[in-house]
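Asker: My structure is below; once you've seen it, I'll send some questions.
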Amino acid sequence: MSLKVYNTATRSLEDFVPLNEGAVGVYACGPTIYNHAHIGNFRTFLFFDLVHRHLEWSGYEVRFVMNLTDVDDKVIEAAHAAGTTIDEHTAPFGDTFLADCATLGVRTVDSYPRATRYIEPMVDFITRLIENGHAYPADDGAVYFSISSFPEYGKLKGIDTSTLISGARVEHDEYEKEDARDFALWKAATEEDEAVGAAWDSPWGLGRPGWHLECSVMSTTELGDTLDLHLGGEDLVFPHHENEIAQSEGATGHPFVRYWMHVKHLFVEGRKMSKSLGNFIRVRDLLEEGYDPAAIRHLLVSSHYRGDLNFTREGLKASGAAVQRLLDFEARLVDLQTDDVAEESALPDLAATVVVGFRTAMDDDFNSADALGVVFGFVTRVNAELDARGTVSAADRDAALEALRSMDQVLGLLEVAHTSRTVDDDLATWVEQMIEERAAARASKDFARADAIRDELAEKNIVLEDGAGGTRWKVVG
Ligand SMILES: [Zn+2]
45 MSLKVYNTAT
55 RSLEDFVPLN
65 EGAVGVYACG
75 PTIYNHAHIG
85 NFRTFLFFDL
95 VHRHLEWSGY
105 EVRFVMNLTD
115 VDDKVIEAAH
125 AAGTTIDEHT
135 APFGDTFLAD
145 CATLGVRTVD
155 SYPRATRYIE
165 PMVDFITRLI
175 ENGHAYPADD
185 GAVYFSISSF
195 PEYGKLKGID
205 TSTLISGARV
215 EHDEYEKEDA
225 RDFALWKAAT
235 EEDEAVGAAW
245 DSPWGLGRPG
255 WHLECSVMST
265 TELGDTLDLH
275 LGGEDLVFPH
285 HENEIAQSEG
295 ATGHPFVRYW
305 MHVKHLFVEG
315 RKMSKSLGNF
325 IRVRDLLEEG
335 YDPAAIRHLL
345 VSSHYRGDLN
355 FTREGLKASG
365 AAVQRLLDFE
375 ARLVDLQTDD
385 VAEESALPDL
395 AATVVVGFRT
405 AMDDDFNSAD
415 ALGVVFGFVT
425 RVNAELDARG
435 TVSAADRDAA
445 LEALRSMDQV
455 LGLLEVAHTS
465 RTVDDDLATW
475 VEQMIEERAA
485 ARASKDFARA
495 DAIRDELAEK
505 NIVLEDGAGG
515 TRWKVVG
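Each residue of the sequence shown is one higher than the last, beginning at 45 in the working numbering.
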């Protein structure tokens, strides 16, 4: 195994060596479930999934944890606006998020901790930080982390903390911090917090956890003091992950994370996504527009996670065509009339080479763009070999098919395409009836009727292919 990852903490490509050989503990900062996740969030979540799948494909025993933030300022504000509690407000968004993940083929992870279920460990964690001299309760009912107690603060982002405002005690309407840089681990509950069920008893009075604290506690509770991999979107490097390091290392005294990885934000139709531009796209919007989940997945993993990705509907169409090419290739192999006395073909060699090339690309900091290039190169070469020979032995065919399906365990494209194209029996029966009716129309030279049937099927994304053995049909994206 020679996986290399780009570690944000060292700003360099490093050999990936987990704490315990053969096993990997991963923590990923998941969504705040106060609203629907958008396509930009899903670039990040699909990268998490690629990491998850590639590690498992490489033979690691993976424990993958992704939190769902169900209490923070945004959640409270949204629950208050909806006139409900945080539990009631977040439940459906959590469900929708997991459903969208399933639609896009994101593998289920081992644990989805929710912050509100970890209040007791959070209180314990803060108590330890106070005992270790890294935190202090203030007069306003909050507990703050003391940045000056942790000289390494700023190491992830690579900033000199002395450039941050520090020193003089800052008096503020709401805060009683000793240092302007200090951040809240625990906040006193306001009336609004209480009204939406976001207030818990603690040694410092009724209050609620700070957002940064939640991830430190859930990750170390689930995975131990030191995590192999910590993943997140690039906006989380500072202050969220910087604060996680300070809290976790301050409380446990051990290194918190071996490798930090961050996913770059995408552009939508050439522009940054923002509320003011109103260009937030949700997965379900795209599905309602008729786009195929496998095409969405393809587009989101088609560029390297640290590179630019411009999400466009044109791009989605191209991704749909790419997925269709894979499906057609797979179908060609499955349906191939094999001939066991055929001379040995190039397929076994091509199959062995493509898997090595694919692994090399993915081992190079999860370069899914290069990995896809390798796969499509394989499709072209195998198609050319089949065109030239007409037939190959079953063993040669199986070698190519196995290579394709093995790589798809990481890519998940055929997997999602098959799932989303599984049609129910009623639809299948109807399609078969339509095909019979069309054959009858053609036999009686009623070509207008035959064409009308073809169009009606096309409207439901069903494409007919007339061949020597009769008419076949398939669902396209
Ligand atoms: Zn987090």
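Quick reminder that beta carbons are idealized off the backbone N, C-alpha and C, glycines included.
Fair warning: this is a prediction, and the values are worked out from it, not measured in the lab.
Would Val106 and Val68 be called neighbours here (beta carbons separated by less than 7 Å)?
Answerer: yes
Asker: For ligand 1, is there a heavy atom less than 6 Å away from the beta-carbon of Cys145?
Answerer: no
Asker: Out of Thr134, Val109, Asp93, which one is the CA nearest neighbour of Val119?
Answerer: Thr134
Asker: Nearest to Ala428 by CA position, among Phe373, Arg341, Thr356, is which residue?
Answerer: Phe373
Asker: At a cut of 8 Å, does the region 359-368 reach the region 332-351 through at least three beta carbon pairs?
Answerer: yes
Asker: Using three-state DSSP, classify Met317 as helix, strand or coil.
Answerer: In this structure, Met317 counts as coil in the three-state DSSP scheme.
Asker: Which residue's Cα is closest to the Cα of Asp409: Leu148, His98, Val436?
Answerer: When each option's Cα is compared against that of Asp409, the closest is His98.
Asker: Would the beta-carbon of Phe420 fall within 7 Å of that of Val398?
Answerer: Against a cut-off of 7 Å, the Cβ pair of Val398 and Phe420 comes out as no contact.
Asker: Can you give the beta carbon distance from Ser389 to Val312, rounded, assuming they're within the 8 Å contact cut?
Answerer: Actually they do not touch by this definition, with Cβ atoms about 44 Å apart.
Asker: Whole angstroms are fine: how far does the CA of Ala396 sit from the CA of Thr128?
Answerer: 57 Å
Asker: Name the DSSP beta bridge partners of Arg516, please?
Answerer: Glu509
Asker: In three-state DSSP terms, what is Thr54?
Answerer: Three-state DSSP puts Thr54 in coil, outside helix and strand.
Asker: Determine the contact status of Gly532 and Val307, defining contact as a CB-CB distance below 7 Å.
Answerer: Examination of residue 532 is not possible in this model, given that the chain is present from 45 through 521 alone.
Asker: So which residues put a beta carbon under 6 Å from any heavy atom of ligand 3, going in chain order?
Answerer: As for ligand 3, it is missing from this structure, which binds only ligand 1.
Asker: Hey, could you find the ends of the alpha helix (DSSP H) Trp474 is sitting in?
Answerer: 469-487
Asker: Going by DSSP, what residue range makes up the beta strand (DSSP E) through Val70?
Answerer: First-last of the beta strand (DSSP E) with Val70: 67-72.
Asker: Assign Glu509 to buried or exposed, taking buried as 16 or more other Cβ atoms, counted over all protein chains shown, within 10 Å of its Cβ.
Answerer: exposed
Asker: Using only CA atoms, which one of Glu121, Asp183, Val109 lies nearest to Arg151?
Answerer: Val109
Asker: In this structure, does DSSP put Leu112 in helix, strand or coil?
Answerer: strand
Asker: Are the CB atoms of Val261 and Pro165 nearer to each other than 7 Å?
Answerer: yes
Asker: Leaving out five residues before and five after Leu112 in sequence, what residues of the same chain have Cβ atoms less than 6 Å from its Cβ?
Answerer: Gly74, Ile77, Gly138, Tyr156, Arg158
Asker: In three-state terms, what does DSSP make of Asn85?
Answerer: helix
Asker: Please report the distance separating the alpha-carbon of Asp117 from that of His284.
Answerer: As the crow flies, the alpha-carbon of Asp117 is around 14 Å from that of His284.
Asker: Using three-state DSSP, classify Asn427 as helix, strand or coil.
Answerer: helix
Asker: I'd like to check one pair, Trp230 with Ile170: are the Cβ atoms closer than 7 Å?
Answerer: yes
Asker: May I have the straight-line CA-CA distance separating Ala212 from Lys221, to the nearest angstrom?
Answerer: Its pLDDT being 44, under 50, Ala212 is placed unreliably in this model, and the coordinates cannot settle the point.
Asker: Kindly list the residues whose CB is nearer than 8 Å to the CB of Asp131, restricted to its own chain and excluding five residues on each side of it in sequence; keep chain order.
Answerer: Asp114, Thr160, Gly241
Asker: Give me, in chain order, the residues of the same chain whose beta-carbon lies closer than 7 Å to that of Val519; leave out the 5 immediate sequence neighbours on both sides.
Answerer: Arg465, Val467, Asn505, Ile506
Asker: For Ser56, I'd like the list of residues in its chain whose CB is within less than 8 Å of its CB, leaving aside the five on either flank, ordered along the chain.
Answerer: Tyr50
Asker: Span of the alpha helix (DSSP H) holding Trp255?
Answerer: 255-267
Asker: Verify whether the separation of the beta carbon atoms of Thr404 and Ala438 is less than 7 Å.
Answerer: It is not a contact, given that the beta carbons lie outside the stated cut-off.
Asker: In this structure, how does DSSP classify Glu288 when only helix, strand and coil are distinguished?
Answerer: When secondary structure is reduced to three states using DSSP, Glu288 falls in the helix class.
Asker: Is it a yes or a no for the region 341-355 touching the region 88-98, going by three-plus beta-carbon pairs under 8 Å?
Answerer: yes
Asker: Identify which residue in Asp440, Phe402, Val378 has its Cα closest to the Cα of Asp384.
Answerer: Ranking the options by Cα distance to Asp384, first place goes to Asp440.
Asker: Could you tell me the distance, in whole angstroms, from the CA atom of Arg225 to the CA atom of Val281?
Answerer: 16 Å
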